[in-house]
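Asker: From first to last, the protein sequence lines are chains L and Y. Note that the first sequence covers residues 2 to 441 in the numbering used here. Note that the second sequence covers residues -11 to 168 in the numbering used here. Quick reminder that beta carbons are idealized off the backbone N, C-alpha and C, glycines included.
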Amino acid sequence: MGIMHSAIRYNWTYSVFLFFMASFIFVETCDAITDVYLYLPTEGARKIVLALPRFALEVDSPAYQELGGRIFSTLKYDLERSGIFDLVDISQFYSSAGADRGAINFNQWFLVGMQALTVGQIDIEGDKLELKGWLYDVPMGQLIIGKVYKGSISDLDQVVHRWADEIVFRFTGQPGIAQSKIAMVINTGNGKEIGIIDYDGRNLRMITANKSLNLNPDFSPDNETIIFTSYQRGNPDLFLLDLTSGKNTRLTEEALNITPSYSSDGTKVAFGHSVEGNPEVFVLELQTRKKRRITVSPGVDTSPSFSPNNREICFTSDRGGAPQVYVMNADGGDLRRLTYSGDYNDAPDWSPKGDLIAFQSKIGGEFQICTIAVDGSQFQQWTSGPGSNESPSWAPDGRHIVFSSTRHGGSHLFCLDIVSGSVVKITDGNGRYTTPVWSN
Amino acid sequence: MNLRPTRFMLCVLLTVLMLSAFACTKRPPKTTPVDDTAQAADASTDTDTVDRAGISEEELYRQQYEQERAEVLQDVRFDYDSAALSSEARATLERIGQWMMKRPDAQIVIEGHCDERGSQEYNLALGERRAASAKSYLLSYGIEGSRLRTISYGEELPLDPAQNETAYAKNRRAHFKPMD
């Protein structure tokens, strides 16, 4: 083959190449030398300088250029969004990068400051796709991990996301978030429906279409079910929607039932439920459908979120005269107020790492995204300026937060990285997206 | 409940209103209607009561009932982030209570709404409190709970989508409509 000018090699004629899996992604690992190649997980540490060669194409057709461009831009986006890499455009050294380890001049990569290098190869056969990815430690001249993913072309984004997550995992010991999804409410102009997008805002899929109000979705821990409030039967009730079968199950039948939030073991849902017009926090056992009242106060108690160990619940209450975030044991005991700054704090979401609670706080007349430690210390405001920033929801990595904002007109979804403080807009078009929730 | 002064003033007001409103209207039939649909069905079969204009007494009653209803079921407005009833709100509720006493067949849904400046989540709860405030006033007036249903729409269904104080004030409301 000589020098590989392409990290993507298209193969039109390999008719007997084995693709057993048409609709999902098949993975095999080759040459793994370590489980986790821990490099730098800590806050404030320097980023890893990672060389990501630009993919070139052996078959120079517009269709395949588009495909190759999409693969490269998706991987680049994923690795940038992870926040742990300093990606380097190294196209001038491209001719020295091949998928074949023997063809890689690690010394040259090292001399130009690279710490890691990832190269890949894509084979296309009909509508089938095979991605081979390799990740190298440049100073050591060593393969960190190699993987083969097989799927269909319609899975292209998911295949690339999967490889990106693998790369992140090798350096942080935690799965990346590139395969995660975000559910949100979409104002269609004829009701509010729930949709799901990839974490980068692409591949929108509507999961309700009842032209009613469908609000405040939350993913089950296995991401197979969405719980939400819907007015589809005339009353604000909780519904469970199985994302595979489409089965829609009504869980409540009277009064107000809002802001549902799963426990991390998936057995319970905390939610706001009114007793004679007074919203209180309840916990519903999904197996038995029995609900238990947790809060007792004449004020509003709502928007609960379980701690990752399910022992505590944070929620919003106006028992002190204005909406503030409180924490209590899951049985209602040991209640304590968490937020004291500002007179309007709501929508708390407990980090999957357990240490922080994200919420929205009215500061200078606008809602801003803030975090606070569970003991009430480390208050931090993350957004500022005009526009209302609302409904924060943690990514499974405990580092990123999705929220809605009106800062650019309409209501779009944005993603915050609490290590760098950077904010990325993830939705396009006319802004009509609210109350995002990240999958697990 | 400290309603006596308000009730007194409203009774005076209502007496005046009723004198002017009902001085020229026909009294409704004595029969106790079940609901509007039943009335309409009865009217279509009962030819004996059809008058020269082709309108039955039941139909006249229904039209009058609906006119009264439209007049009396006015929105109750609230202050920002509050479910407390203002004196104006209580006056509106007094009129609704009076009318419901007079029309024992009337059953209403009380919708609680909020403006968009609050948070979406808290507003769903606040809307419930607003609807509940209106309901408890009517309960204290003597209206049976079975005739009153509450539902909160939070900030989801603004009356006026504009982003100014006039619109916000319109959107912070309890809205009343007949029960289906």
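#1: Mind the definition here: the segment 106 to 123 of chain Y touches the segment 70 to 89 of chain Y only if three or more C-beta pairs lie below 8 Å; say whether that holds.
#2: Does L/Asp319 get closer than 9 Å to chain Y when you measure Cβ to Cβ?
#3: So, is L/Asn215 buried or exposed, given that buried needs 16 or more other C-beta atoms within 10 angstroms?
#4: Taking Cβ positions, are L/Ser352 and L/Gly399 nearer each other than 9 Å?
#5: Kindly list, in the order they appear in chain Y, the residues whose Cβ is closer than 7 Å to that of L/Glu391.
#6: Taking all protein chains shown into account, do 16 or more other C-beta atoms lie within 10 angstroms of the C-beta of L/Pro42, making it buried, or fewer, making it exposed?
#7: Across the segment 105 to 113 of chain L and the segment 189 to 207 of chain L, are there enough close Cβ pairs to call them in contact, namely three or more that are closer than 8 Å?
#8: In chain order, what are the residue ranges of uninterrupted alpha helix (DSSP H) at least 4 long that sit wholly in the segment 73 to 153 of chain L?
#9: Measure the Cβ-Cβ separation of Y/Ile139 and Y/Ile96 and say whether it is below 9 Å.
#10: What are the start and end residues of the beta strand (DSSP E) that includes L/Leu285?
#11: When you compare the CB of L/Asp429 with every CB in chain Y, is at least one pair closer than 9 Å?
#12: From Y/Gln86 to Y/Ser134, what distance separates their C-alpha atoms?
#13: Suppose you measure from the CA of Y/Ala119 to the CA of L/Asp356; what does that come to, to the nearest Å?
#14: Compare the C-beta of L/Tyr232 against all C-beta atoms of chain Y and say whether one is closer than 9 Å.
#15: Under 8 Å between beta-carbons, which chain Y residues line up against L/Lys193? List them in chain order, please.
#16: Can you say whether L/His1 is buried or exposed, counting buried as having 16 or more other CB atoms within 10 angstroms of its CB?
#17: Counting only beta-carbon separations shorter than 9 Å, does Y/Ser134 have a partner in chain L?
#18: For L/Met207, tell me which candidate among L/Gln382, L/Thr189 and L/Asn224 has the shortest Cα-Cα distance.
#19: Excluding the five sequence neighbours on either side, which residues of its own chain have a C-beta within less than 6 Å of the C-beta of L/Pro393, listed in chain order?
#20: Which residues of chain L have a Cβ atom closer than 7 Å to the Cβ of Y/Lys123, listed in chain order?
#21: At a CB-CB cut-off below 7 Å, which residues of chain L make contact with Y/Ala72?
#22: If L/Thr407 and L/Ser389 are in contact, beta carbons under 8 Å, what's the gap, nearest whole angstrom?
#23: Are L/Ser231 and L/Asp223 closer than 9 Å when you measure CB to CB?
#24: Does DSSP put L/Leu417 in a helix, in a strand, or in coil?
#25: Helix or strand or just coil, what does DSSP make of L/Leu242?
#26: Excluding the five sequence neighbours on either side, which residues of its own chain have a C-beta within less than 8 Å of the C-beta of L/Pro218, listed in chain order?
#27: Does the beta-carbon of Y/Lys18 have 16 or more other beta-carbons within 10 angstroms, so that it is buried, or is it exposed?
#28: I'd like the list of long-range same chain contacts for Y/Gly130, defined as Cβ closer than 8 Å, with 5 residues on each side in sequence excluded.
#29: Measuring CA to CA, which of L/Ala396, L/Arg433 and L/Pro299 is closest to L/Pro309?
#30: For my contact list, L/Tyr150 and L/Ala179 are in at a C-beta cut-off of 8 Å; report their separation, rounded to the angstrom.
#31: Show which residues of chain Y have a CB atom less than 7 Å away from the CB atom of L/Gln361.
#32: Thinking just about the alpha-carbon of each residue, which of L/Thr340, L/Lys133, L/Lys292 and L/Val424 is nearest to the one in L/Ser378?
#33: Quick check on Y/Val22: buried or exposed, where buried means 16 or more other Cβ atoms within 10 Å of its Cβ?
#34: Would the beta-carbon of Y/Glu109 fall within 9 Å of that of L/Ala348?
#35: Please state whether DSSP places L/Lys426 in a helix, a strand or coil.
#36: Residues in the same chain with beta-carbon distance under 8 Å from Y/Asp34, minus the five sequence neighbours each way, listed in chain order, please.
Answerer: So, to answer that:
#1: yes
#2: Taking the first residue of the first sequence as 1, we reach residue 319 of chain L at position 318. Chain Y, which has a Cβ nearer than 9 Å to the Cβ of L/Asp319, makes this yes.
#3: The residue labelled residue 215 of chain L in the question sits at position 214 within the first sequence. The residue is buried, with at least 16 neighbouring Cβ atoms inside 10 Å.
#4: Taking the first sequence and counting its residues from 1, the one referred to as residue 352 of chain L is at position 351. Taking the first sequence and counting its residues from 1, the one referred to as residue 399 of chain L is at position 398. Yes, these two residues count as a Cβ contact at 9 Å.
#5: Numbered from 1 along the first sequence, position 390 holds the residue referred to as residue 391 of chain L. The contacting residues are Ser107 and Gln108.
#6: Position 41 of the first sequence, counted from the start, is the residue given in the question as residue 42 of chain L. Residue placement at L/Pro42 is flagged as unreliable, the pLDDT there being 43, under the threshold of 50; the coordinate-derived value follows with that caveat. Burial call: exposed.
#7: no
#8: 107 to 112
#9: Working through the second sequence from its first residue, we reach residue 139 of chain Y at position 151. Working through the second sequence from its first residue, we reach residue 96 of chain Y at position 108. Against a cut-off of 9 Å, the Cβ pair of Y/Ile96 and Y/Ile139 comes out as no contact.
#10: By one-based count along the first sequence, residue 285 of chain L stands at place 284. Note, L/Leu285: beta strand (DSSP E), Asn279 to Glu286.
#11: The count along the first sequence starts at 1 and reaches residue 429 of chain L at position 428. For L/Asp429, the answer is no, since every Cβ of chain Y falls outside 9 Å of its Cβ.
#12: By one-based count along the second sequence, residue 86 of chain Y stands at place 98. By one-based count along the second sequence, residue 134 of chain Y stands at place 146. Y/Gln86 and Y/Ser134 have their C-alpha atoms spaced approximately 17 Å apart.
#13: Mapped onto the second sequence, residue 119 of chain Y falls at position 131. Mapped onto the first sequence, residue 356 of chain L falls at position 355. Looking at the backbone, the Cα of Y/Ala119 and that of L/Asp356 are separated by about 37 Å.
#14: Counted from its first residue, the first sequence places residue 232 of chain L at position 231. So, interface residue.
#15: Along the first sequence, one-based indexing puts residue 193 of chain L at 192. Simply Glu144.
#16: Residue coverage of chain L in this structure runs from 2 to 441, which leaves residue 1 of chain L outside it and unanswerable.
#17: If you number the second sequence from 1, residue 134 of chain Y lands on position 146. No, because no Cβ of chain L sits closer than 9 Å to the Cβ of Y/Ser134.
#18: Residue 207 of chain L sits at position 206 when you count from the first residue of the first sequence. Of the listed residues, the one whose Cα sits closest to L/Met207 is L/Thr189.
#19: Along the first sequence, one-based indexing puts residue 393 of chain L at 392. Excluding residues within five positions, the ones whose Cβ falls inside 6 Å are Asp350, Ala359, Ile370, Ile402 and Phe404.
#20: Walking along the second sequence from the start, residue 123 of chain Y turns up at place 135. Per Cβ cutoff of 7 Å: Gly278.
#21: Translated into positions along the second sequence, residue 72 of chain Y becomes position 84. What Y/Ala72 touches in chain L: nothing, since even the nearest Cβ is about 12 Å away.
#22: The count along the first sequence starts at 1 and reaches residue 407 of chain L at position 406. The count along the first sequence starts at 1 and reaches residue 389 of chain L at position 388. That belief holds up - the Cβ atoms of L/Thr407 and L/Ser389 are roughly 5 Å apart, short of 8 Å.
#23: As a first step, residue 231 of chain L is located in the first sequence; it is residue number 230 there, counting from the start. As a first step, residue 223 of chain L is located in the first sequence; it is residue number 222 there, counting from the start. Contact: no.
#24: On the first sequence, position 416 is the one that residue 417 of chain L refers to. Strand, per DSSP.
#25: Along the first sequence, one-based indexing puts residue 242 of chain L at 241. Strand.
#26: As a position in the first sequence, residue 218 of chain L is number 217, starting the count at 1. Hits under 8 Å: Ala184, Met185, Val186, Ile195, Ile227, Ile228, Phe229, Thr436 and Val438.
#27: As a working mapping, residue 18 of chain Y is identified with position 30 in the second sequence. Summary for Y/Lys18: the model assigns pLDDT 41, below 50, so the residue's position carries little reliability; its value from the coordinates is reported in the next sentence. Exposed, because fewer than 16 other Cβ atoms sit within 10 Å of the Cβ of Y/Lys18.
#28: Position 142 of the second sequence, counted from the first residue, corresponds to residue 130 of chain Y. Gly85 and Met89, listed in sequence order.
#29: Here residue 309 of chain L corresponds to residue number 308 of the first sequence, with the count starting at 1. Out of L/Ala396, L/Arg433 and L/Pro299, L/Ala396 has the C-alpha closest to the C-alpha of L/Pro309.
#30: Here the question's residue 150 of chain L lines up with position 149 in the first sequence. Here the question's residue 179 of chain L lines up with position 178 in the first sequence. Not quite, the Cβ-Cβ distance comes to about 13 Å (not below 8 Å), so this is no contact.
#31: Counted from its first residue, the first sequence places residue 361 of chain L at position 360. Under the 7 Å cutoff, chain Y gives Ser107.
#32: As a first step, residue 378 of chain L is located in the first sequence; it is residue number 377 there, counting from the start. Of the candidates L/Thr340, L/Lys133, L/Lys292 and L/Val424, the residue whose Cα lies closest to the Cα of L/Ser378 is L/Thr340.
#33: Locating residue 22 of chain Y in the second sequence gives position 34, where the first residue counts as 1. Confidence is the limiting factor: at Y/Val22 the pLDDT is only 42, short of 50, which leaves the residue's position unreliable, though a coordinate-based value still follows. Flag for Y/Val22 reads exposed.
#34: Locating residue 109 of chain Y in the second sequence gives position 121, where the first residue counts as 1. Locating residue 348 of chain L in the first sequence gives position 347, where the first residue counts as 1. Cβ distance < 9 Å, so Y/Glu109 and L/Ala348 count as in contact.
#35: Along the first sequence, read from residue 1 onward, the residue named residue 426 of chain L stands at position 425. Looking at L/Lys426 - three-state DSSP - the assignment turns out to be strand.
#36: Walking along the second sequence from the start, residue 34 of chain Y turns up at place 46. Below a pLDDT of 50, predicted positions are generally treated as unreliable, and Y/Asp34, at 46, falls in that range; the measurement from the model is reported next regardless. Result list for Y/Asp34: Ser44 and Glu46, in chain order.
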